[in-house]
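**Q** So in full-length UniProt numbering, spot 418 of the first sequence is number 418, and the numbers just go up one at a time.
One structure coming up, written as structure tokens, with questions to follow.
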Amino acid sequence: MSNYDHKRIEAKWQLRWEEERPNDVLEDPDKPKQYILIEFPYPSGEGLHTGHVRSYTALDIVARKRRAEGYNVLYPIGWDAFGLPAENFAIKTGTSPQITTRKSIDTFREQMKRIGFSFDWHREINTSDPTYYQWTQWIFLQLFKHGLAYKAKMPINWCPVDKIGLANEEVIEGKCERCGSPVEKREKEQWMLAITKYADRLDRDLDTVNYPERIKVQQRNWIGKSEGAEIEFRITNTELRIKVFTTRPDTLYGATYLVLAPEHPALANNELRITNYEEVRKYIEEAKQKTDIERTAEGKEKTGVELKGVRAINPATKEEIPIFVADYVLVHYGTGAIMAVPAHDERDFEFATKFNLPIRQVIQPVFGIENRRPDAEARETVTAIAKRKDGKILILKWKKQPWISAPIGGVDAGETSEQAAERELLEETGYCGKAVMVSPITIESHFFAEHKNVWRARYDHPVLLEVDEQSPKPISPKEDALHNVQWMTYEEALQAVNFKNNRLALELVLHKPHSYEGVSYAEAEQIINSGEFNGLSASEAKEKITETFGVKKISYKLRDWVFSRQRYWGEPIPLVFCEHCAKRITKGELRSTNEGEVRNPGWVPVPEESLPVELPVVEKYQPTDTGESPLAAISEWVNVRCPTCNGPAKRETDVMPNWAGSSWYFLRYSNPSNPEVFASRENLEYWLPVDWYNGGMEHTTLHLLYSRFWHKFLYDIGFVPTEEPYAKRTSHGVVLANDGQKMSKSLGNVVNPDEVIGQFGADSLRIYEMFMGPFDQSVAWSMDNIVGSRRFLERVWKLADSVKEAPLPEPFEALLHRSIKKVSEDIEEMKFNTAVSQLMILLNEMETLPDTPQEAFRILIRLLAPFAPHIAEELWERLGKVSSVHKAPWPSFDEEKITLRSAIIVVQVNGKVRAQIESSTDATEEELKELALKLPAVLKWTGGGEVKRTIFVPGRLLNLVV
RNA sequence: GCCGUGGUGGCGGAAUUGGCAUACGCGUACGGUUCAGAACCGUAUCUCGCAAGAGUUGAGAGUUCAAAUCUCUCCCACGGCACCA
């Protein structure tokens, strides 16, 4: 037989698939469905990237396997075609994005077909196609109508180079994500989407989906939910009140000053009647001019100005406390104002130290703290020891400075998951060791700064010893969850324990502080305490203090989505502004049931039947310096009639961000050419949710969150049948260049898949990309290693020559069945590298057989088919099959046949391998022991001595302890 | 600083209910084939040691008959977030 000629074979089958379209699917209610999805690419001018190939091949394998298992599989492809590169290219060359995009798409499509992906090409979509973005605009209008889109003047991140407003998500370390230049702040009218209204559900519903933990964690962090309270502070000389948000209402008695963000509205026109307003105004101006990097680049050095002539009243202590403006407080979080509790917050502590403000502790860990090492630095792990009512103890750890972030309930601050589990256990069983409100003492900050260990110094140091009922022994870290303890005195402990490695837990039993330099405890208690809340646990205190002085409140880090781009190459926002209607709505002459119109007076939606609002052809793509879209220059497009009053009106010239089209594309795949609706209910019900969605980690906080938001909204208004779009999400690692760096044009280390295909073939490329390393980890490309994959396929090719009707030898049959199992399971777990490895092992074994049994070879080909579809198809045909290998059912395995009848048992003496015995799998311990003790290799090490103990793992191992 | 992931031969990596560490592939060496080379085939390939043997999974300790895997104390790399009260 001829040599393996990948060019001929791949061309032949690609042509056949093009004609026969085996992967175009129709909805078939009688067949179970599988919706397999990859993130559709942005069709850049650079062509397909090896990273695309890795991800698409992986899910292609999954899709092909699912088809072989009898599922009706939807594996679609499309183009996320709006985006900056095409527009920037247009600015440079004058070539319209429409043209460059079309060209790029053609290239991508050709490249993909050369790799043999089993996409359903008849469902191809393109976000920049008017028949597609018509529906993007439609969805936007629904958001508008439901009051989730609003125009707001707000400081936005402005990139002076790209001349574009950026979403927070697009600002990386204060720099523009695209060009890396420092981002400025500008006030700009922007369309916003109220994603924060969905914050809670976006967080909560993560429990219902199958995403990797790290994605859930990242999303949760991004949403940043925190529960707390809003508390009002009265101001001395005005009627004004200032609201603060805090997660620690239990520390209210320790609030010794207030801080407002520079942008806080109460500061705008000296409403507070500050006597040093000039100074304050100057500070605010300075803060505004600072970019985000500058604010953080100054390190942790806090700045601020006291507002003279006004004071706030702490509602709990009734004390008058100073107010500051400082830029360490952010406007857009909480209420833009905080109550500062320096004793229990690092930042407040730092500020208070610098400005010499009182620091007042109000929370005390109950059972004290334990230091693993007596000389431990402040930032090391500290441990709280809690004693339960039944006498058992728990050791809880956190990594914080105990006197600054006093642990709430022992662990809340910075606890690990393990500790959380312990806490839950605790809460169930009930223990008496939560932090309590104590009568606090006031110390002056200068004193505090000099004596940081002062709180520790107040405790006595008896020793806690873990004691087994029978024999006392020092605490073993392994069993530190729950155990019986007794309490010993320090002297007793010294005698019972050896101090090796200081592995002795010192319990710092809580005592009332003895005395203080200058202030006795008794005196301190007189000065201030937590009043009627003394003695409560911190969590109880939170509840009660919130009830008494404020209201419960939940805050999120997530901010509303800046949805406007002053650009050309995007979906036009389908709204017009009508001066006339604006006036009538504000005056109340015009009533609208449309929440968007009410909320944004004068903004009128383009009627749905007039959609799409098509992107007009322009001559200049350059955005203006004032930040307006190039669309603003086309007066015949801008000037329209108002859909409501038919008066003169102007179109919105901003376009949508890239994220718009990709927020719902997976819905369109279910019904891609429907002119009536974005997708029919029927088709959505058949295909949704997406069963398996793979993509990059870089999209976890942007695309993934945005599309979940849109989906939930569409669910709420009754257009999609599921609350979550994706049942399962996985992510791929990045393919790096062989130098371990990111592939980039400027570094000249980009690998072009076309070249690899030319030299080695698409099948080799696919196999290599799967074999190169764990799918979810980054791997560097290697041109040297790819030959291994090529050789593997060549050997499969050659083996076909020796295929005969031949029986399966017994040990080989076991391997065959084990291989089916391994490959099947590995695909499901995305362990493609070991799946390929198993195929290699199987091939190696087959090569040692005198003849290649037909049956075994056919199974090999079927297992190989998802990975290397072309060669598999060709060999399948050579075996005389008329129908495609991709239509053949997935091989099944027999668990019985996997277990070998005989096995090699490892014999250890004292845990070291000394010999091997070949025996039947079901041999008993006694039989094997007898055999083993006759072996010279074993005798040498047992020395004929008595075997004290035997450990036996059936079918695997025998360990003799002498 | 916080959160997450990872650290195993010359290289990519395998092995996780604790049970033969280094599967599979690359590279390298030697041999075969060849006029020669490429390709291909075979053998070898963690370290020390002639060998018997001993050591080895980022470092150190612990638990165990047995640890890459579990526990503790550290170190390093990568990714994300970063004054979020």
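Glycine included, C-beta positions come from ideal geometry on N, C-alpha and C.
Remember, it's a predicted structure, so these values are computed and weren't measured experimentally.
1. If you draw a straight line from the alpha carbon of VAL604 to that of THR335, how long is it in whole angstroms?
2. Please state whether the Cβ-Cβ distance between LEU839 and VAL823 is less than 8 Å.
3. Helix, strand or coil for SER920? Go by DSSP, reduced to three states.
4. Can you tell me whether LYS542 is buried or exposed, with buried defined as 16 or more other CB within 10 angstroms of its CB?
5. Between the segment 544-562 and the segment 618-632, can you find at least three pairs of beta-carbon atoms closer than 8 Å?
6. Under 8 Å by Cβ, that's how I've got ALA312 and ILE235 pegged, so tell me the actual separation to the nearest angstrom.
7. Considering only residues of the same chain and omitting the five flanking positions on each side of TYR568, which have a CB-CB separation below 8 Å?
8. When you compare only the Cα positions, how much space is there between PHE233 and THR548?
9. Within its chain, find whatever has a CB closer than 7 Å to the CB of LEU26; leave out the 5 residues flanking it on each side and keep chain order.
10. Take CYS645 as the anchor and find which of VAL576, GLU230, HIS703, LEU704 has the nearest alpha-carbon.
11. On the premise that VAL938 lies in contact with LYS948, defined as a C-beta separation below 8 Å, what is that separation, rounded to the nearest angstrom?
12. Below 8 Å on the Cβ atoms is my contact criterion, and I expect PHE140 with ILE717 to pass it. Report the Cβ-Cβ distance as a whole number of Å.
13. For GLU227, which option in VAL796, LEU590, THR546 has the closest C-alpha, if you only look at C-alpha atoms?
14. Nearest-angstrom Cα distance between PHE812 and ILE820?
15. What does the alpha-carbon distance come out to for the pair SER564 and GLN34?
16. For ILE323, which of PHE351, SER802, ASP345 has the nearest alpha-carbon?
17. Could you work out which residue in GLU46, TYR56, LYS31 is closest to PHE40 when comparing CA atoms only?
18. Apply the 10 Å Cβ neighbour rule to GLN593 and answer buried if 16 or more other Cβ atoms are within range, or exposed otherwise.
19. Could you check what DSSP says for LYS553 in three-state terms: helix, strand or coil?
20. How long is the line joining the alpha carbons of ASN534 and LYS552, rounded to whole angstroms?
21. Tell me, please, which residues DSSP counts as bridged to PHE233.
22. ASN72 lies in the beta strand (DSSP E); which residues open and close that run?
23. Output yes or no for whether 8 Å exceeds the beta carbon distance between LYS151 and ASN600.
24. Relative to the C-alpha of ASN658, which candidate in ASN910, GLU571, LEU37 has its C-alpha closest?
25. Thinking C-beta only, is VAL735 closer than 8 Å to THR131?
26. Could you check if ALA268 is buried or exposed, using at least 16 other CB atoms within 10 Å of its CB as the buried criterion?
27. Are the beta-carbon atoms belonging to LEU202 and PHE709 less than 8 Å from one another?
28. Using 8 Å as the Cβ pair cut-off and three pairs as the minimum, do the segment 850-858 and the segment 824-831 touch?
29. For a quick check, are the C-beta atoms of VAL53 and ILE36 less than 8 Å apart?
30. Does the distance from the CB of HIS6 to the CB of GLY761 come in under 8 Å?
31. Residue range of the alpha helix (DSSP H) that SER635 falls in?
32. What's the call for PRO774, buried or exposed, on a 16-neighbour Cβ count within 10 Å?
33. Any contact between the segment 243-256 and the segment 269-279? By contact I mean 3 or more CB pairs, one from each, below 8 Å.
34. Suppose you measure from the CA of VAL209 to the CA of ARG220; what does that come to, to the nearest Å?
35. By the three-class DSSP mapping on this structure, what secondary structure does GLU189 have?
36. So what's VAL161 in DSSP terms, helix, strand or just coil?
**A** In short, the structure shows the following:
1. Rounded to whole angstroms, VAL604 to THR335 spans 32 Å at the Cα level.
2. Against a cut-off of 8 Å, the Cβ pair of VAL823 and LEU839 comes out as a contact.
3. Strand.
4. The residue in question, LYS542, is buried, as its Cβ has 16 or more Cβ neighbours within 10 Å.
5. Touching, no.
6. Indeed, because the Cβ distance is near 6 Å, the residues count as touching under 8 Å.
7. Counting only Cβ-Cβ distances below 8 Å, and skipping sequence neighbours, we find GLU87, ALA90, PRO97, LEU615, VAL618, TYR621, PRO623, SER629, PRO630, LEU631, VAL655.
8. Going from the Cα of PHE233 to the Cα of THR548 covers about 13 Å.
9. For LEU26, same chain residues with a beta-carbon under 7 Å away, outside a window of 5 residues either side, do not exist.
10. Taking only the C-alpha atoms, the option nearest CYS645 is VAL576.
11. About 15 Å separates the beta carbon of LYS948 from that of VAL938, a gap too long to meet the 8 Å contact definition.
12. That pair is no contact at about 13 Å.
13. It is THR546 whose Cα lies nearest to the Cα of GLU227.
14. Those two C-alpha atoms are separated by around 12 Å.
15. In this structure, the straight-line span from the alpha carbon of SER564 to that of GLN34 is close to 36 Å.
16. Nearest to ILE323 by C-alpha distance, out of PHE351, SER802, ASP345, is PHE351.
17. Of the candidates GLU46, TYR56, LYS31, the one whose C-alpha sits nearest the C-alpha of PHE40 is TYR56.
18. The sequence shown places Thr at residue 593, rather than the Gln named in the question. Exposed, since its Cβ has fewer than 16 Cβ neighbours within 10 Å.
19. Note: LYS553 maps to strand in three-state DSSP.
20. Distance between ASN534 and LYS552, taken at the CA atoms: about 21 Å.
21. The partner list for PHE233 (beta bridge, DSSP) reads ILE242.
22. Residue range 72-74 is occupied by the beta strand (DSSP E) that includes ASN72.
23. Taking 8 Å as the Cβ cut-off, LYS151 and ASN600 qualify as a contacting pair.
24. Closest by alpha carbon: GLU571.
25. Inclusion of THR131 and VAL735 in the CB contact set at 8 Å is not warranted, their separation being larger than that value.
26. Exposed.
27. The answer is yes: Cβ separation under 8 Å.
28. By the criterion of at least three beta-carbon pairs nearer than 8 Å, the segment 850-858 is not in contact with the segment 824-831.
29. Using a Cβ distance threshold of 8 Å, VAL53 and ILE36 do not count as a contacting pair.
30. Yes, Cβ-Cβ distance for HIS6 and GLY761 is below 8 Å.
31. In the DSSP annotation of this structure, the continuous segment of the alpha helix (DSSP H) that includes SER635 starts and ends at 635-638.
32. PRO774 is exposed by the Cβ-count criterion.
33. In short, these stretches do not touch, since the Cβ pair count stays below three.
34. For VAL209 and ARG220, the distance between alpha carbons rounds to 13 Å.
35. The answer is strand: DSSP assigns GLU189 an E or B state.
36. Under the three-state reduction of DSSP, VAL161 is assigned to coil, being neither helix nor strand.
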